[in-house]
Every structure is written in structure tokens, then in C-alpha cells.
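Q:
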Amino acid sequence: IKYKNLKEFIDKSVLITGGAGSIGSELCRQLINLKSKKIVLLDHDETALFNIAREVDEKKIKLIPILGSVTDGNFIKKIIFKYKIDHIFHAAAYKHVEMLEYNIIKAVENNVFGTLSILRGLSNKVKTLTIISTDKAAQPKNILGLTKRLSEIIAENFFSTNLNSKTKLSI
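Oh and the sequence shown: position 63 is 88 in my numbering, straight run, nothing missing.
#1: What is the residue span of the beta strand (DSSP E) that residue 169 lies within?
#2: Identify whether residue 89 lies in helix, strand or coil by the three-state DSSP scheme.
#3: List the residues that DSSP assigns as beta-bridge partners of residue 155.
#4: Any chance the segment 68 to 79 sits against the segment 173 to 184, with 3 or more Cβ pairs inside 8 angstroms?
#5: How long is the line joining the alpha carbons of residue 154 and residue 130, rounded to whole angstroms?
#6: Can you look up residue 37 in the DSSP assignment and give me helix, strand or coil?
#7: What are the start and end residues of the beta strand (DSSP E) that includes residue 63?
#8: Please classify residue 111 as buried or exposed, where buried requires at least 16 other C-beta atoms within 10 Å of its C-beta.
#9: Exposed or buried, which one is residue 119 when buried takes at least 16 other CB atoms within 10 Å?
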């Protein structure tokens with residue numbers, strides 16, 4: 026992800042969904058180097074969340090590990106409001122192709138409705154929303170690709186119909 030001005034993350038509050046996963050935890054490590062004021066990690070995996078929180082705790086940054094689901098829209102709104110979120114990295118998604126072929130409903134719930142929860146929870150105080158997608162969404166041939174592509178389309182449509190939104194979208 027390339028930003029014109031990485032200073033926009035200095036002294037800001039950042040929410041990372043899927044914050045304990047491989048992508049979310051690496052985003053967290055990078056934001057520490059950018060001296061973000063507060064990093065809120067949302068994940069449903071207690072052990073992984075505990076581990077990244079312990080690792081980051083040694084770095085002396087304000088880290089708030091939140092155990093919960095990205096599909097809970099009211100919970101997302103409360104997090105954004107309570108922690109005065111400036112930037113969101115939406116990395117929460119089920120990503121294992123073969124597993125999702127057996128669990129289509131859960132893939133749609135998490136990958137599609139999770140993105141919808143984030144969109145519905147946005148406030149005009151959120152400056153950027155970055156949705157982490159996958160190359161498999163470009164020409165979807167499996168459930169993972171289809172759910173991620175659908176998420177992209179929903180986000181693009183949301184922003185094209187909400188012209189008053191001050192949030193900038195990146196996918």
C-alpha cells in the first residue's frame with residue numbers, strides 16, 4: 026500500500042480488522058514504526074490477538090486488542106466512536122480457498138457482510154478506509170475470489186452513492 030504522505034498516520038488512531046491475522050499483524054508492526062497514536066486491533070481469534078498484543082506491548086505504543094467479529098455492525102460503530110478512529114485497514118477475511126469451498130455461508134457472512142458492517146459503521150471523522158483484497162478477486166473462480174470481489178463492488182457502490190462521505194476509499 027502506497028500513501029503519498031505517511032505522516033497522515035502519525036499521532037492518529039487506526040483500526041485494523043483482522044488485526045491478529047498475518048496481514049493485520051504486519052500492518053500493526055508497520056504502523057508502530059509510523060508512530061500512530063493508537064492502534065485498535067479487532068479479531069475473533071483470542072490466542073492470536075493475545076500474541077500480537079504481547080509483542081506490540083514491548084514497543085510502548087497504545088494498543089487496544091478487541092475480541093469480536095467484524096460482522097457485528099453495532100459493535101463496529103461503537104469501536105469507531107469510542108476510539109475516535111481516523112483510519113481503517115479492513116483486513117478481516119477468511120482466505121483459505123479450499124476451506125471456503127466447504128463453508129460458503131461463512132465465507133459470505135465474514136467476507137461480504139463484514140465489509141458491509143465496516144461501511145455502515147463509518148463516520149465522517151474516518152479519513153481513510155483501506156480494504157485489503159486479493160488477486161483472486163480480479164477474475165474470481167472460487168468462493169474466496171467471489172466474496173472478495175463482491176465486497177469490492179459493495180464498497181465502490183457505497184461510496185459512489187454516498188457523495189457526502191469525507192472518507193477516502195482504497196482497495
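All residues carry an ideal CB built from backbone N, CA and C; glycine is no exception.
A: Quick answer:
#1: That residue, residue 169, is in no beta strand (DSSP E); its alpha helix (DSSP H) goes 168 to 186.
#2: strand
#3: 114, 195
#4: no
#5: 25 angstroms
#6: coil
#7: 63 to 68
#8: buried
#9: buried
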